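Asks: Residue numbers (our numbering), protein chains in the order written: chain L, 76 to 400; chain X, 76 to 400.
1) Assign residue 88(L) to one of two classes, buried (16 or more other C-beta atoms within 10 Å of its C-beta) or exposed (fewer than that).
2) Would you grab the beta carbon distance between residue 243(X) and residue 132(X) for me? Rounded to a whole angstrom, and I think it's under 8 Å.
3) What is the DSSP secondary structure of residue 132(L), reduced to helix, strand or coil?
4) Would you say residue 278(L) lies against chain X (beta-carbon separation less than 8 Å)?
5) Measuring only the C-alpha atoms, how far is residue 117(L) from residue 384(X)?
6) Taking C-beta pairs closer than 8 Å, name the residues in chain X that residue 345(L) reaches, listed in chain order.
7) The beta strand (DSSP E) that contains residue 228(X), what's its start and end?
8) At a CB-CB cut-off below 8 Å, which residues of chain X make contact with residue 293(L)?
9) Using the rule of at least 16 other Cβ atoms within 10 Å of the residue's Cβ for burial, across every protein chain shown, is residue 257(L) buried or exposed?
10) Taking only three categories from DSSP, how would you classify residue 274(L)?
11) Determine the closest residue to residue 277(L) out of 288(L), 248(L) and 311(L), with distance taken between C-alpha atoms.
12) Within 8 Å (strictly less), CB to CB, does residue 116(X) reach chain L?
13) Quick check on the DSSP output: what are the complete alpha helix (DSSP H) runs of length 4 or more inside the region 298-381 of chain X, in order along the chain?
14) Show which residues of chain X have a CB atom less than 7 Å away from the CB atom of residue 386(L).
15) Would residue 249(L) be called buried (16 or more neighbouring beta carbons within 10 Å of its own) or exposed?
16) Please list the residues of the region 127-159 of chain X that have a C-beta atom closer than 9 Å to any C-beta atom in chain L, keeping them in chain order.
17) Say whether chain X places a C-beta atom closer than 8 Å to the C-beta of residue 174(L).
18) Please state if the CB of residue 331(L) and the CB of residue 245(L) are separated by a distance shorter than 8 Å.
19) With distances taken from CA atoms, which of 228(X), 274(X) and 141(X) is nearest residue 161(X)?
20) In angstroms with no decimal places, state the Cα-to-Cα distance between residue 226(X) and residue 134(X).
21) What span of residues does the alpha helix (DSSP H) with residue 389(L) cover, start to end?
22) Let me confirm a value: residue 307(X) is counted as buried when at least 16 other C-beta atoms fall within 10 Å, else exposed. Which label applies?
23) Tell me the rounded alpha-carbon separation between residue 370(X) and residue 142(X).
24) Determine the extent of the alpha helix (DSSP H) in which residue 146(X) is found, giving its start and end residues.
25) Can you tell me whether DSSP reads residue 108(X) as helix, strand or coil?
26) I want to verify the contact list: residues of chain L whose CB lies under 8 Å from the CB of residue 359(X), in sequence order.
27) Would you kindly report the start and end of the unbroken alpha helix (DSSP H) that includes residue 247(L)?
28) Specify the secondary structure class of residue 192(X) as computed by DSSP and reduced to three states.
29) What residue range is occupied by the uninterrupted alpha helix (DSSP H) comprising residue 88(X)?
30) Rounded to whole angstroms, what is the Cα-Cα separation between residue 90(L) and residue 218(L)?
31) Pull up the distance between the alpha-carbon of residue 195(X) and that of residue 98(L), whole angstroms please.
32) Would you please verify whether the beta carbon of residue 91(X) is less than 8 Å from any beta carbon of chain L?
33) May I ask you to list the residues that DSSP assigns as paired with residue 165(L)?
34) Quick check on residue 179(L): buried or exposed, where buried means 16 or more other Cβ atoms within 10 Å of its Cβ?
35) Going along the chain, which residues of its own chain have a beta-carbon closer than 7 Å to the beta-carbon of residue 100(X), five neighbours each way excluded?
36) Quick test of your reading: residue 123(L) and residue 386(X), contact by CB under 8 Å. State the CB separation rounded to the nearest angstrom.
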């Protein structure tokens, strides 16, 4: 009976403990999310009335800027303020090798024994959906568990930067001097989704140049000029020594106040929930494609396209017809 | 009547000219793809019997390794062999700023007047789908236009690396010495999808170390040991001087021969076509979600989730029910 109880947990009790901040219950619920457990729906229905309190902060930046160290410094500073912090380290770029590499990246050992900090690594599964699959559900768990701040950190760059920004209330872009790709990243549009810029390794040569480049881009961007708009601050830190973490916290608090007073928080969370609902619905549709057409049907359509017997649009039409009756 | 004809091109004639290699017709068809034209289905149906000849080569690597220069060198070497080459430069990382930055990245001026080379920049639209939306259709156009080799180059890294590898017959991973993220990229699993490794800037300090690191990873990976398996070669180039381009071409030809003889080409193209069909079907489903529930319905569901009146799974169920009758 013990093992049966382990496999089919009393969901109500588990959620109750998680909402009271029990770290083991939180971990258990996130495992249910990762394993796409059939009880997830029940969990989601129970969590929904407990959410909305945590500020979700996304930390992003190219490898080498000091993301893990910065996360650790911010967590330390939040703890000094008495805030409870959840950390989700996500690896969206590796559908093949899974999340195995995350263990060694999360340099958070100093917080491992602090029960005001919950740290979890998570590999987002597969191509389709990327972060949009399991991560929003994991965020709901952490939010319901009454963490004051939930930090999401990603491994990797590119698409993931934008996905993080679509999940977070506040997006922090980390840069560092001497990274050739700092400006390339900026050019690729990442500037446009950052709420706070942090130039880490500010004790190194070139840090001032990165700050100047950012200021220049802000000035030519011109999108922060309107009244009531948020103008992303540019901060300098030396995360290895904890320098500047207080400034980061102040910027996070200021952005949080602006999000609440401007109505932007509701807008962002609304579009986040809409994307989440759509992603779940599309996930269901994909499963229906598989069951409606039988195993191997998609591969057979693909083979017919390759043979020139049909085109992909016509094959897609048939797939959609199979589930819409 | 002239302007009407421009807006509703004679699709049959356009496809006919593209298949004969007319660059303007090819460009026109790719514009139809980019604009998601209603005549695309007709185009796809006509193209389907003309495809399958081109070797699709994906070039990928972090910013700064010399992707554009390498692409240009490979194009030059292919032209010396008399091969016709299509180049698709894709920017998947920038849903906000669009493809505006691509213009200055494509350092292909030397090939601009060569009618055996067709170069096109393309911004993949939006978040969902990423490359999976328009790029496969653009590849079909270039394939039908009888280019011998079609090169896809991406801006940015991360998710895009994997998407490129899922679209290409042969994936070339570019690395360079002195990029701190070379090994990070490798750790993130990108090694596993590369068919050819190219260490560019091989005249710089540290190039041999990158080669050694790659060899070491191959040796501990152990997945290339089986008979008949492809063992990715590790090549050195100095793309700015065209050095090593011949070796890259030889590796591409060897991989192409292996793809054909091993049956792997059919496997890869089959899974590519299956993913393409599914992506088109999911695109249709998203449109149906919007029409079945009316404008703003998804946002209303999202607001109800935020208010705690429903959970995202229940909202997704309703969305799926709305199209499955």
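Just so you know, even glycine gets a beta-carbon here, dropped at the ideal spot from N, CA and C.
Just so we're clear, the structure is a prediction, and the values are computed from it rather than from any experiment.
Replies: Concretely, from the data shown:
1) exposed
2) 6 Å
3) strand
4) no
5) 14 Å
6) 374, 377, 378 and 381
7) 224-229
8) Here the premise fails: no neighbours, minimum Cβ distance about 15 Å.
9) In this prediction, residue 257(L) has a pLDDT of 48, which is less than 50 and means its spatial position is unreliable; what the coordinates show is noted afterwards. Buried, by the Cβ-count rule.
10) strand
11) 311(L)
12) yes
13) 320-337, 339-368 and 372-381
14) 119, 120 and 123
15) buried
16) 127, 137, 138 and 139
17) Note on residue 174(L): pLDDT 36, under 50, position unreliable in the model; the coordinate value appears next. For residue 174(L), the answer is no, since every Cβ of chain X falls outside 8 Å of its Cβ.
18) yes
19) 228(X)
20) 7 Å
21) 387-399
22) buried
23) 43 Å
24) 142-155
25) helix
26) 391, 392 and 395
27) No alpha helix (DSSP H) holds residue 247(L); the beta strand (DSSP E) holding it covers 245-250.
28) strand
29) 86-94
30) 12 Å
31) 52 Å
32) no
33) 197(L) and 229(L)
34) Any reading at residue 179(L) needs caution, since the residue's pLDDT is 38, under 50, leaving its predicted position unreliable; the model's value is listed next. When all chains shown are included, residue 179(L) counts as exposed.
35) 89, 92 and 93
36) 4 Å
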